[in-house]
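Numbering (this note's numbering), first residue to last: 12 to 126.
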């Protein structure tokens with residue numbers, strides 16, 4: 012029963028935010044529902060991820076239908092950063108590497124590797 016309450020609370024927060032870090036999620040859960048067992052957040056997030064009910068962008072979580080929007084926003088930020096000459100010189104191929112990673116990310120995997 013506790014798992015289901017934590018799940019509903021997590022999905023409620025993700026419905027309001029396009030992406031969220033686990034520490035923010037825990038803080039928000041404590042604020043909204045202090046009776047929830049926050050030690051269940053990690054296991055519930057992992058279960059939701061395995062069930063493909065939430066997607067993961069490295070250490071952030073989002074709802075599956077937001078993957079294309081978040082990917083596009085991150086690619087746009089990379090491209091915007093690339094326009095700075097100093098940033099291009101300092102980063103070398105990092106921009107290309109970042110774009111390649113994001114383009115193969117589907118919310119659960121990057122290429123053949125779990126994300």
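Glycine included, every Cβ here is placed at the ideal spot set by N, Cα and C.
All figures in this text were calculated on a predicted structure; none of them were measured in a lab.
Residues bridged to residue i [DSSP beta-bridge criterion]
{"i": "residue 121", "result": "116, 124"}
{"i": "residue 72", "result": "31, 67"}
Alpha carbon of residue i to alpha carbon of residue j, nearest angstrom
{"i": "residue 94", "j": "residue 106", "result": "11 Å"}
{"i": "residue 24", "j": "residue 91", "result": "29 Å"}
{"i": "residue 35", "j": "residue 54", "result": "16 Å"}
{"i": "residue 70", "j": "residue 33", "result": "8 Å"}
{"i": "residue 115", "j": "residue 122", "result": "5 Å"}
{"i": "residue 12", "j": "residue 87", "result": "41 Å"}
Proximity test, residue i beta-carbon vs the ligand GTP heavy atom, cut-off 6 Å
{"i": "residue 93", "result": "For the structure depicted, the ligand GTP is absent and the ligand set is empty, with no information on it obtainable."}
Selected residue, minimal CA-CA separation from residue i, among the options
{"i": "residue 16", "options": "51, 27, 87", "result": "51"}
{"i": "residue 77", "options": "110, 31, 46", "result": "31"}
{"i": "residue 84", "options": "64, 110, 59, 104", "result": "110"}
{"i": "residue 75", "options": "13, 22, 39, 104", "result": "22"}
{"i": "residue 72", "options": "29, 87, 89", "result": "29"}
{"i": "residue 81", "options": "113, 61, 46, 47", "result": "113"}
{"i": "residue 59", "options": "124, 19, 108", "result": "19"}
Integer-rounded CB distance, given that residue j should sit under 8 Å from residue i
{"i": "residue 118", "j": "residue 43", "result": "With a Cβ gap of about 25 Å, residue 118 and residue 43 do not count as contacting."}
Run of the alpha helix (DSSP H) containing residue i, from where it starts to where it stops
{"i": "residue 54", "result": "52 to 61"}
{"i": "residue 95", "result": "First-last for residue 95: undefined, no H or E at that position."}
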